[in-house]
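There are 2 protein chains.
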Amino acid sequence: MRSEKPKLAMIAETLSVSVATVSNALSGKGRVSPELADRIRETARDLSYVPSMAGRALRTGRSGVLGLVLPDIANPLFPQIAQAIEQAASTAGYGVLIGDSRGHTGVQTEAIDRLIDRGVDGMVVIPRRGTRISDIGCPVAVIDTPSTPGNTVSSDHWDGGRQMGAHLRGLGHRKVLILAGSPQSTVQNDRVGGLKSGLGPDAKVEVVWLEKLAPPDVPGRPLGLAACVRQGFTAFAALSDLTAVRALTELQGAGIAVPDQASVAGFDDLIWSSVVTPSLTTLRMDMAEIARLAVAALTAVIEGLPRGRVAASGTVTAERPSVPMMLVVRQSTGPCRSLLPDMAEGAGQ
Amino acid sequence: MRSEKPKLAMIAETLSVSVATVSNALSGKGRVSPELADRIRETARDLSYVPSMAGRALRTGRSGVLGLVLPDIANPLFPQIAQAIEQAASTAGYGVLIGDSRGHTGVQTEAIDRLIDRGVDGMVVIPRRGTRISDIGCPVAVIDTPSTPGNTVSSDHWDGGRQMGAHLRGLGHRKVLILAGSPQSTVQNDRVGGLKSGLGPDAKVEVVWLEKLAPPDVPGRPLGLAACVRQGFTAFAALSDLTAVRALTELQGAGIAVPDQASVAGFDDLIWSSVVTPSLTTLRMDMAEIARLAVAALTAVIEGLPRGRVAASGTVTAERPSVPMMLVVRQSTGPCRSLLPDMAEGAGQ
DNA sequence: AGTAATCGCTTAAACGATTAATCATTGGCA
DNA sequence: TGCCAATGATTAATCGTTTAAGCGATTACT
Numbered sequence: 069m070r071s072e073k074p075k076l077a078m079i080a081e082t083l084s085v086s087v088a089t090v091s092n093a094l095s096g097k098g099r100v101s102p103e104l105a106d107r108i109r110e111t112a113r114d115l116s117y118v119p120s121m122a123g124r125a126l127r128t129g130r131s132g133v134l135g136l137v138l139p140d141i142a143n144p145l146f147p148q149i150a151q152a153i154e155q156a157a158s159t160a161g162y163g164v165l166i167g168d169s170r171g172h173t174g175v176q177t178e179a180i181d182r183l184i185d186r187g188v189d190g191m192v193v194i195p196r197r198g199t200r201i202s203d204i205g206c207p208v209a210v211i212d213t214p215s216t217p218g219n220t221v222s223s224d225h226w227d228g229g230r231q232m233g234a235h236l237r238g239l240g241h242r243k244v245l246i247l248a249g250s251p252q253s254t255v256q257n258d259r260v261g262g263l264k265s266g267l268g269p270d271a272k273v274e275v276v277w278l279e280k281l282a283p284p285d286v287p288g289r290p291l292g293l294a295a296c297v298r299q300g301f302t303a304f305a306a307l308s309d310l311t312a313v314r315a316l317t318e319l320q321g322a323g324i325a326v327p328d329q330a331s332v333a334g335f336d337d338l339i340w341s342s343v344v345t346p347s348l349t350t351l352r353m354d355m356a357e358i359a360r361l362a363v364a365a366l367t368a369v370i371e372g373l374p375r376g377r378v379a380a381s382g383t384v385t386a387e388r389p390s391v392p393m394m395l396v397v398r399q400s401t402g403p404c405r406s407l408l409p410d411m412a413e414g415a416g417q
Numbered sequence: 069m070r071s072e073k074p075k076l077a078m079i080a081e082t083l084s085v086s087v088a089t090v091s092n093a094l095s096g097k098g099r100v101s102p103e104l105a106d107r108i109r110e111t112a113r114d115l116s117y118v119p120s121m122a123g124r125a126l127r128t129g130r131s132g133v134l135g136l137v138l139p140d141i142a143n144p145l146f147p148q149i150a151q152a153i154e155q156a157a158s159t160a161g162y163g164v165l166i167g168d169s170r171g172h173t174g175v176q177t178e179a180i181d182r183l184i185d186r187g188v189d190g191m192v193v194i195p196r197r198g199t200r201i202s203d204i205g206c207p208v209a210v211i212d213t214p215s216t217p218g219n220t221v222s223s224d225h226w227d228g229g230r231q232m233g234a235h236l237r238g239l240g241h242r243k244v245l246i247l248a249g250s251p252q253s254t255v256q257n258d259r260v261g262g263l264k265s266g267l268g269p270d271a272k273v274e275v276v277w278l279e280k281l282a283p284p285d286v287p288g289r290p291l292g293l294a295a296c297v298r299q300g301f302t303a304f305a306a307l308s309d310l311t312a313v314r315a316l317t318e319l320q321g322a323g324i325a326v327p328d329q330a331s332v333a334g335f336d337d338l339i340w341s342s343v344v345t346p347s348l349t350t351l352r353m354d355m356a357e358i359a360r361l362a363v364a365a366l367t368a369v370i371e372g373l374p375r376g377r378v379a380a381s382g383t384v385t386a387e388r389p390s391v392p393m394m395l396v397v398r399q400s401t402g403p404c405r406s407l408l409p410d411m412a413e414g415a416g417q
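Chains as they are written, first to last, in the numbering used here: chain A, 69 to 417; chain B, 69 to 417.
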């Protein structure tokens, strides 16, 4: 009880039993008399015993670590995701190894390989732009969007869009501009589809894909939103809060009041959404639940339990494939008041 | 060359040598003839051999993994930090295990303990608000601010503040409001000190600590910045881009043009800074360099090299303790034009 | 009563790599 | 020629845990 690192052998020696018995007692697997098991657990606690992951990993072939692959460089969702996954993994008894692919698509597979080499038992992948995850040597949970084949679990982005559309429609907006990023993103396409559906067939909806804008759209470049307002657009639905804030500041800078003269809404409830003035109406993902489901599916396969079977490519399937998003109404959306000069506008406040 | 996982024994068998020789050849440690070493490396490649971290860890006692402890919940700097650390660690041959403390200060130590239990060889800690890192059982690199005792390496926040102060002074601003978060943060205090110094002794500078505001300052609550402008403040220096955007939108919402009527600046060059209109003038940290130095210091101690000695508490010391910040001038700061009605303002530049 | 099953524990063999100790061979040098 | 050193490889122990197999002794079954 004095030497350096407590190991099974010490507990065994202290109680004059075999290490196997100690192991069995602590893991609850073998057959050990309840009293002995108690005494073993007790002295284990006294010695503040911590099992050696290395030893265990070597013997069992499992490391107790999950990999987390985030592909988009400096993704602003990262904090939310990492926190949720770490939380879920940690309560499931797993550690989380991060594998960044620094933006490059090719590096994604490299990052994945590194994780495998490190012996992760499974991994959570948020794939880059509809990248298909090829056959890897371990169970994979893919978080993308329900309509993507191979998706394990994700937010119901389509329904999120629908909620947002319905919200705007309820406020009277009929001419809406959707600010999207890349048409290659399945997530964004789902959101667009939902938005259109929620806005109804009589709404005039236009989509601008930022990534396709004329010669490389530098982030700070004005989007000409004021002109859109003059053309009769009364609401701007951004597919990301990042873009929503961009729109918000551009409008405000052009002297257009939000939400009085135009409404702005976003997605994801990033940390900035609540601090800007006016605070952003947005759709929040239930990352905690998604993480829980993803990790549960992963650990189920890893630990060989019935639930959550292995799919062809090694991607696991979760209990539920989609988690609802939640509309957070704040200040940036308001009733529609068309300001077209040629329309009779009463007491604009 | 057919069975499942390639291990040392297979290479050994293939070439009819002992596993020890193979190990020596691959690690370059023992004595192996150059030709044999070559052949061994070659067949290792052919078999696409990957050493088992578990086996190695068990024998050597080192896991090849570093822990990364981020204490502030959903810290928007997380992407930058995680990416930089992962990058640096990965090129140094280490993996990165994340340990979030979910906001609670108490959980920080718990997170640290979990990482230790998992057998990390060392850890990088960005401490929560001047939390001192107690004696842990492994080398620790602390990234805080140069003036904090025990700091390993960090940005020169004071000089960053000075740069920003000088920038604003150069634009003619003499009455500046500093938007700070918590007075307990050493980082923020350093930035404030630098700002004051850079603005010069004749500048009127006031600091508002958001955390100390009347009953819990909800993020969306207006800060009354428009009133400040009326009182003669011509520039707002936020200690974080998050706050800067908050200030920017509040001013814009109140009909105050930025930077024409008031300048706004921030810190950290978060992803949002460049997309808002006007884009934010800010100070960027060289996270890549900081990460490199932190990881280098860590690995030096871990691998027992001369450079980078162990300090009392187990915190390592880096080659250089501070890394300069870089001023990024964008659109949100401009020449001062006082708008006080009752003051005769000539040709303000 | 005799056989079988059960219980509670121990023995011992892995898992895959590292590394100190050892051994055989050869060359150098007196 | 004879001895020692250097070289290049092997042997075997070890890291800490899990787990299949084994083994008395008690209990149950027919």
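Glycine is no exception: its CB is placed at the ideal position from the N, C-alpha and C atoms.
Please name the residue, chosen from the options, that lies closest to residue i on a Cα-to-Cα basis.
| i | options | result |
| --- | --- | --- |
| A:S169 | B:E178, B:G174, B:P147 | B:P147 |
| A:M78 | A:P119, A:G96, A:R99 | A:P119 |
| A:S116 | B:E103, B:S116, B:D181 | B:D181 |
| B:N143 | B:R197, B:V85, B:S101, B:G218 | B:R197 |
| A:P269 | A:R230, A:Q252, A:G187 | A:R230 |
| A:A346 | B:I211, B:Q176, B:K272, B:G321 | Ala is not the amino acid found at residue 346 of chain A; the sequence shown has Pro there. Of the candidates B:I211, B:Q176, B:K272, B:G321, the one whose C-alpha sits nearest the C-alpha of A:P346 is B:G321. |
| B:P217 | B:A271, B:G187, B:S390 | B:S390 |
| A:Q329 | A:L104, A:C404, A:V275 | A:C404 |
| A:G402 | A:E81, A:A333, A:A179 | A:A333 |
Contact check, residue i vs residue j under 8 Å by CB: the rounded distance?
| i | j | result |
| --- | --- | --- |
| A:G262 | B:L165 | With a Cβ gap of about 37 Å, A:G262 and B:L165 do not count as contacting. |
| A:P139 | A:P195 | 6 Å |
| B:H225 | B:R259 | 5 Å |
| A:D384 | A:L366 | In the sequence as displayed, the identity of residue 384 of chain A is Val instead of Asp. So it is a contact: roughly 6 Å between Cβ atoms. |
| B:G135 | B:L183 | 4 Å |
| A:A421 | A:L319 | Not covered by the structure: residue 421 of chain A. The range shown for chain A is 69 to 417. |
| B:I201 | B:V188 | Contact doesn't hold; Cβ gap of about 14 Å is too wide. |
| B:L278 | B:T311 | 7 Å |
So the beta strand (DSSP E) residue i belongs to, where does it begin and stop?
| i | result |
| --- | --- |
| A:T350 | 350-352 |
| A:M421 | Examination of residue 421 of chain A is not possible in this model, given that chain A is present from 69 through 417 alone. |
| B:M30 | The requested residue 30 of chain B does not occur in the structure, where chain B is confined to residues 69 to 417. |
| B:D168 | 163-168 |
| B:L307 | Where B:L307 is concerned, there is no enclosing beta strand (DSSP E), given that its DSSP letter is neither H nor E. |
| B:I201 | Segment: none, B:I201 is in no beta strand (DSSP E) and carries neither H nor E. |
| B:A325 | Neither: B:A325 is in no beta strand (DSSP E) and is coded neither H nor E. |
Within 10 angstroms of the Cβ of residue i, are there 16 or more other Cβ atoms? Answer buried if so, exposed if not.
| i | result |
| --- | --- |
| A:R298 | exposed |
| B:D337 | buried |
| B:A88 | exposed |
| B:R99 | exposed |
| B:R388 | exposed |
| B:D203 | exposed |
| B:R314 | buried |
| A:G419 | Absent from the model: residue 419 of chain A. The displayed extent of chain A is 69 to 417, so no value can be given. |
| B:G376 | With a pLDDT of only 41 at B:G376, under the threshold of 50, the placement of this residue in the model should not be trusted; the figure read from the coordinates follows. Burial call: buried. |
| B:P374 | Caution applies to B:P374, whose pLDDT of 43 falls short of 50 and renders its modelled position unreliable; the value that the coordinates give is listed next. Exposed, since its Cβ has fewer than 16 Cβ neighbours within 10 Å. |
| A:A380 | Summary for A:A380: the model assigns pLDDT 34, below 50, so the residue's position carries little reliability, and this model does not support an answer. |
| A:S308 | buried |
| B:Q252 | exposed |
| A:D114 | exposed |
| A:G228 | buried |
| B:T349 | buried |
Considering residue i, what are the terminal residues of the alpha helix (DSSP H) in which it resides?
| i | result |
| --- | --- |
| A:S95 | 87-95 |
| A:F146 | 146-159 |
| B:S84 | Neither: B:S84 is in no alpha helix (DSSP H) and is coded neither H nor E. |
| A:I358 | 355-370 |
| B:L115 | Segment: none, B:L115 is in no alpha helix (DSSP H) and carries neither H nor E. |
| A:A125 | 121-128 |
Three or more C-beta pairs closer than 8 Å, one from the region 130-139 of chain A and one from the region 109-118 of chain A: is that the case here? The answer is no - the region 109-118 of chain A does not touch the region 130-139 of chain A, with fewer than three Cβ pairs under 8 Å.
Are the region 301-309 of chain B and the region 237-257 of chain B in contact at 8 Å, needing three or more beta carbon pairs? Touching, per the Cβ criterion.
If we count Cβ pairs, one from each stretch, closer than 8 Å, do we get three or more for the region 393-400 of chain A versus the region 90-103 of chain B? Contact between the region 393-400 of chain A and the region 90-103 of chain B is absent, because fewer than three Cβ pairs lie under 8 Å.
Three or more C-beta pairs under 8 Å: does that hold for the region 344-355 of chain B against the region 249-258 of chain B? Segments in contact, no.
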